[in-house]
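FYI, in mature numbering (1 follows the signal peptide of the UniProt record, and there is no 0) the residues of the sequence shown are -21 to -1, 1 to 331.
This report refers to the structure that appears directly beneath it.
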Amino acid sequence: MHLHKFTFLLTILCLCHAAQGASILALFSSLSFADHYVYRGYVELLARNGHSVVVMTPYPGHFQYPEIEKIVELDVSQESAKYWDEYKKLMTNVDDYFPKMRKINELAVNVAVSQLRAQQPMAVFLNPNIGFDLVITEADVPLLYAVAEKYKAPHIAITAGSGSLMMYESKGTPNHPLYYPDLNTIFYEKLNIWEKLAEYVRYMRIRNEYYNNYLRLCQIAAEKLFGLKRDLVSVEQDIDLLFVSGTQTLIGNRPSSPAVIYTDRLHIKPALSLPQDLKAIMDGAENGCVYFSLGVVQEANQLSKTTIQMLMDAFGELPYLVFWKIEDVTAFKKPNNVITQNWFPQQEMLGE
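Shown next as structure tokens:
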């Protein structure tokens, strides 16, 4: 009964888009909570401009009024949660890079398949009365591209990172293993012969993993789920725009085609203010402040005790006030200029 109501409301939303802007389907699969700050920022802008957005997300419930009135969430949190421990283990291990990359890619396919087969997304895909004017997909998961092909709609892919070399390549942007760095670059600038050789081997192995393993698995899944008739490579090349969540001045110098749009700061919300006690501490720092965090997945306490103390000692030699997001430091010698907490309002601090 609930599913029928959900489908009815979704159908009405999509049929009424003519007078209220475009009807958009957005599919986001990543298990990284931080990635969804970027995706939600983009969806909120679309809703704010009068478009109706149906969004698949493993982290529902974070949109606010008034944007939420234009957004229907396809909740895939339950289907995603069972992969969290495996994801966290893969993202924090120190195994050889290329076997780790293959495992991450294979996990991404399994996660996306489970999400796309969930009840709410399937209710949309199987309803012949629902169509979309635009499909937005997470660029890091090529399986999602098949949905844009299913609806024969214009297609935007967005990445919360700086973009892989295959993403740029699909938009006609030249790549070079030595001159144009990508997110997997190890050595850059003033390379000796061995570093050049290492970068060339890395470049070829990454391409091989993507085209001969990751994309192949996505192709098989897309054919089973959506009856895809084309190669995903050609679907990827037909993506109209690639949004890269970064700015060229920070992610490396490279040529860029008109189809690549740099969309930094989508995750930043204006008018957020610091708590007064934290603001007073930062304002009182004569030489300025440093904020240090390892992110959501990699917890600082997972580092060895030697590494944590080494970082403590290094921060102690700085002339700045250091804020470090770490849970428990009772077993360590903490310098006077280091303030530790298990959570800081990161966006507000960095925007201060």
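Where is the CB? At the ideal position from N, CA and C, for every residue including glycine.
Cβ-Cβ distance between Q281 and K312 below 8 Å: no
Alpha-carbon spacing of V34 relative to P121, whole angstroms: Rounded to whole angstroms, the separation of the alpha carbons of P121 and V34 is 17 Å.
Tell me which same chain residues have a C-beta within less than 6 Å of the C-beta of L4, skipping the five on either side of it? Excluding its 5 nearest sequence neighbours in each direction, L4 has C-beta neighbours in its own chain below 6 Å: V33, F111 and V114, listed in chain order.
Kindly indicate the opening and closing residues of the beta strand (DSSP E) around E52. I50 to D54
For the beta strand (DSSP E) containing I318, name the first residue and the last one. V317 to Q320 is the span of the beta strand (DSSP E), which, as asked, contains I318.
For L25, collect the residues of the same chain with a Cβ closer than 7 Å to its Cβ; drop the 5 residues on either side in sequence, then sort them by chain order. I3 and V32
Measuring CA to CA, which of E117, A87 and E202 is closest to S141? E117
Enumerate in chain order the residues of its own chain whose CB-to-CB distance from L123 is below 7 Å, with the five nearest sequence positions on each side excluded. Answer for L123: L6, S8, A91, T116 and E117, listed in chain order.
Quick check on the DSSP output: the alpha helix (DSSP H) that includes H134 runs from which residue to which? Careful: H134 lies outside any alpha helix (DSSP H), inside the beta strand (DSSP E) at H134 to T138.
Does the beta-carbon distance from Y299 to N316 come in below 8 Å? In this structure, N316 lies closer than 8 Å to Y299 by Cβ.
Limits of the beta strand (DSSP E) - the one that I240 falls within: V239 to Y241
Could you work out which residue in I165, Y270, I318 and T36 is closest to Q325 when comparing CA atoms only? Y270
Tell me the DSSP bridge mates of T116? L6 and A136
Just to confirm, is the Cβ distance from D243 to G231 under 8 Å? no
Using C-beta distances below 6 Å, list every residue in its chain close to H15, excluding the 5 sequence neighbours before and after it, in chain order. Excluding residues within five positions, the ones whose Cβ falls inside 6 Å are Y38.
Can you have a look at Q99 and say buried or exposed, based on whether 16 or more other CB atoms are within 10 angstroms of its CB? buried
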